[in-house]
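Worksheet: one structure, shown below.
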Amino acid sequence: PGAVMLARHQVENFEHWVDVYREHAGMRGEYGSMGSHVYRSADNPNDIVVAVQWRRMEAALAFGASEALRDAMAEGSVVGEPDVWVVNTEHVWPAVDREGVDIGGPSDFSVLVRHKVENLERWVGSFREHSHMRAEAGSLGGFVLAHPHERDDVLVMLGWESIDAAREFV
């Protein structure tokens, strides 16, 4: 059991931000981070999403509230407040679109979709039933995250063979 923290934010300059982010890897480790992935928008290189895995929910929340994080964000020239999700791993499900693909690793091209659903269980069933359709379009699979307190709020992260395949599917 652990947690995943997703943060989406704008930065003034990605290259500067990523240098600062790498410099602070030890700080995240001290709080219990097990690693992270950084995603950049294909349309705006300064629009980023960071996904960080944590050993414990308490560690993720403590890191999120820390002054050290605020200082690092200022140093990295983060613009405005990030949109942050912190979920227990029990609210994260694999999306297996192709057998034999490592869905835990990063892909060169990812799609991140957040939306509201009427009924989470019914939506998950339908989503799983359509894995073949996503695979045929180029999806490598990924993860579904459900907000722990707002069960109608869903976030899907899928890796893709190419950016063109992802855009065509969307």
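Sequence positions in the sequence shown follow the working numbering and run -6 to 163.
Here a beta-carbon is modelled for each residue, glycine too, at the ideal position from N, C-alpha and C.
- When the alpha-carbon of residue 76 is set against those of -2, 104, 159 and 157, the nearest one is in -2.
- According to the DSSP assignment, residue 15 belongs to the alpha helix (DSSP H) that extends over 7 to 16.
- For residue 2, the closest of 43, 105, 9 and 28 by C-alpha to C-alpha distance is 43.
- For residue 57, the uninterrupted alpha helix (DSSP H) segment begins and ends at 50 to 57.
- Beta-bridge annotation (DSSP): residue 107 is paired with 148.
- The residue among 21, 128, 109 and 59 with its C-alpha nearest the C-alpha of residue 91 is 128.
- The Cβ neighbour count for residue 142, taken over all protein chains shown within 10 Å, is under 16; the residue is labelled exposed.
- Distance from the CA atom of residue 104 to the CA atom of residue 30, rounded to whole angstroms, is 13 Å.
- Of the candidates 7, 38 and 156, the residue whose Cα lies closest to the Cα of residue 66 is 7.
- Taking C-beta separations shorter than 6 Å and ignoring five residues to either side along the sequence, residue 54 has no partners in its chain.
- About 25 Å separates the CB atoms of residue 46 and residue 73; that is not less than 8 Å, and the two are not in contact.
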